[in-house]
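Residue numbers (our numbering): 981 to 1160. In this text, a Cβ means the ideal position worked out from N, Cα and C, and glycines have one as well. Let me begin by presenting the structure, written as structure tokens, before commenting on it.
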Ligand SMILES: [Mg+2]
């Protein structure tokens, strides 16, 4: 299969770092259950564009992600990363992936472009995603989604969306679909 993968909140444990930085810088009140919009205001967007290394590089992989991705690739699946990150952090992102020993086949940096269109264009068989609006848009475009469970996506429902609470559950779902 061609497995589409979101990066932040799926492969990279980024969200808690973003919350800490934004709350410190802007006095916002994001809690552990929130998904902050790093570009929510022009001031935040400018700050975040100026602090990409602090926002992106200290983060560790999500639990189980390194092992799961290695296994999927050894099993012959193509790993197609589709992220909203901008082109200017492509090299940083590649370096982060390499540091943690994660090999992927393609890295698409959308820079805010439409994820549903990108998912269709990339010809993926499914997408592992955590952001509610992306999951719903991609499912609405006919691409099955494995929703990587987080407090901020509990309410998401769609016939083409299956919830997975961990990388173990993602692996089980991929196995089921392959067999089916
Ligand atoms: Mg994400």
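- Residues lining ligand 1 by the Cβ criterion, that is a Cβ closer than 5 Å to any of its heavy atoms, are 986, 988, 989, 1110, 1111 in chain order.
- The alpha-carbon separation between residue 984 and residue 1106 amounts to approximately 6 Å.
- Put simply, of 1006, 1053, 1144, 1023 the residue whose alpha carbon is nearest the alpha carbon of residue 1110 is 1144.
- Taking 8 Å as the upper bound for CB-CB distance, residue 1133 and residue 1115 are in contact here, some 7 Å apart.
- With a beta-carbon spacing of about 6 Å, residue 1150 and residue 1048 fall inside the 8 Å limit used to define contacts.
- A distance of 9 Å or more separates the beta carbons of residue 1142 and residue 1043.
- In the three-state DSSP reduction, residue 1065 falls in the coil class, being neither helix nor strand.
- Counting of Cβ neighbours within 10 angstroms places residue 1155 among the exposed residues, the total staying below 16.
- Bounds of the beta strand (DSSP E) holding residue 1142 are 1141-1144.
- In this structure, residue 1015 keeps its C-beta atom at 9 Å or more from the C-beta atom of residue 1008.
- With a 10 Å radius around the Cβ and a threshold of 16 neighbouring Cβ atoms, residue 1021 comes out exposed.
- DSSP places residue 1007 outside any beta strand (DSSP E), giving it a letter other than H or E.
- Judged by DSSP secondary structure, residue 1015 falls outside any alpha helix (DSSP H); it is assigned neither H nor E.
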